[in-house]
């Protein structure tokens, strides 16, 4: 059953009611720790972009070396901890939807999964690289086919990385366009955030990821199993 972007966003707003400040704080912390830039492909582009900046600043060797060193260090730290913090952030958003206690401490409760998350990021890198190498369309399809891998790894700690990729591919059948439309529906909000010098992102990010968690709840059947569809009405 497809509920549509409007319904997922309404569910998110209901879950965030009375929790906006805590959700904004969780989103800020998650962002600082690399949750929204967890992919290996992003890290490579980030370091390459930083190297380009250093090239432009080569007349200042000490400053450029310091800048590149910081960029590489941030990329490494985010690569190793961003994935597990992402699982914690997913749990935080699911807790909001479940009306469980959505403590910010949930962000740091999945460090035992760090190796599994690194393996999943490496696997995703090769899958997406192959997809984009073949053609743009297969790459985009791969992005959406495996978009729920982190959610599944959070929900099913006994799953292997292969199991999570397989499960994501299965539950996303017929739902790729739905997720694309949901993410696209926030485009206007991101534009407004740019106009506010990025301040609006403090609230747009929790809104978007709570809606995406609601999307996962629906397509995975978790909504019925955990708190019943009637709470979405």
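In the working numbering, the protein residues as written are 88 to 320. In this text, a Cβ means the ideal position worked out from N, Cα and C, and glycines have one as well. What you are looking at is a predicted structure, and each value in this text was computed from that prediction instead of being measured.
### Beta-carbon contacts of residue 251 that lie in its chain and below 6 Å, excluding the five residues immediately before and after
The residue you call residue 251 lines up with position 164 of the chain shown. Around residue 251: 236, 239 and 240.
### Message
Quick check on residue 204: does DSSP put it in helix, strand or coil?
### Response
As a position in the chain shown, residue 204 is number 117, starting the count at 1. Note: residue 204 maps to helix in three-state DSSP.
### Query
Are the Cβ atoms of residue 117 and residue 301 separated by less than 8 Å?
Mapped onto the chain shown, residue 117 falls at position 30. Mapped onto the chain shown, residue 301 falls at position 214. Against a cut-off of 8 Å, the Cβ pair of residue 301 and residue 117 comes out as no contact.
### Message
When you compare the CB positions of residue 201 and residue 179, do they come within less than 8 Å of one another, or not?
### Response
Mapped onto the chain shown, residue 201 falls at position 114. Mapped onto the chain shown, residue 179 falls at position 92. It is not a contact, given that the beta carbons lie outside the stated cut-off.
### Message
What ranges does the beta strand (DSSP E) occupy inside the segment 264-317, keeping only unbroken runs of at least 3 residues that lie completely in it?
### Response
none
### Task
Leaving out five residues on either side along the sequence, give the residues of the same chain with a beta carbon under 8 Å from the beta carbon of residue 104.
Start at 1 with the first residue of the chain shown, and residue 104 comes out as number 17. Taken in chain order, the list of residues that qualify is empty.
### Query
Just checking, does the segment 254-269 make contact with the segment 220-236 on the three C-beta pairs under 8 Å criterion?
yes
#### Entry: Beta-carbon proximity list for residue 229, same chain, < 7 Å, skipping 5 on both sides
The residue you call residue 229 lines up with position 142 of the chain shown. 214, 215 and 218, listed in sequence order.
### Task
Report the three-state DSSP secondary structure of residue 245 (helix, strand or coil).
On the chain shown, position 158 is the one that residue 245 refers to. Coil, per DSSP.
### Query
Is residue 220 near the ligand GDP, in the sense that its beta carbon is under 7 Å from a heavy atom of that ligand?
With respect to the ligand GDP, the structure offers nothing, as it holds no ligand at all.
### Query
Taking the alpha-carbon positions, what's the residue 309 to residue 198 distance?
Reading the chain shown from its first residue, position 222 is the one you call residue 309. Reading the chain shown from its first residue, position 111 is the one you call residue 198. Cα to Cα, residue 309 sits roughly 24 Å from residue 198.
### Query
Leaving out five residues before and five after residue 207 in sequence, what residues of the same chain have Cβ atoms less than 8 Å from its Cβ?
The residue you call residue 207 lines up with position 120 of the chain shown. Counting only Cβ-Cβ distances below 8 Å, and skipping sequence neighbours, we find 170, 236, 237, 240, 248, 251 and 252.
### Query
Short check: CB of residue 293 to CB of residue 111, under 8 Å?
Within the chain shown, the letter at position 206 stands for residue 293. Within the chain shown, the letter at position 24 stands for residue 111. Taking 8 Å as the Cβ cut-off, residue 293 and residue 111 qualify as a contacting pair.
### Task
Check whether the Cβ atoms of residue 109 and residue 189 lie closer than 8 Å to each other.
Here residue 109 refers to the residue found at position 22 of the chain shown. Here residue 189 refers to the residue found at position 102 of the chain shown. Result yes, Cβ atoms of residue 109 and residue 189 sit closer than 8 Å.
### Query
When burial is assigned at 16 or more other CB atoms within 10 Å of the CB, is residue 175 buried or exposed?
Along the chain shown, read from residue 1 onward, the residue named residue 175 stands at position 88. Its Cβ being crowded by 16 or more others within 10 Å, residue 175 is buried.
### Message
On the DSSP letters alone, give me the boundaries of the alpha helix (DSSP H) that residue 224 sits inside.
### Response
By one-based count along the chain shown, residue 224 stands at place 137. Note, residue 224: alpha helix (DSSP H), 223-232.
### Message
residue 115 and residue 281 - do their beta-carbons sit closer together than 8 Å?
### Response
Counting from 1 along the chain shown, the entry for residue 281 is found at position 194. Counting from 1 along the chain shown, the entry for residue 115 is found at position 28. No, these two residues do not count as a Cβ contact at 8 Å.
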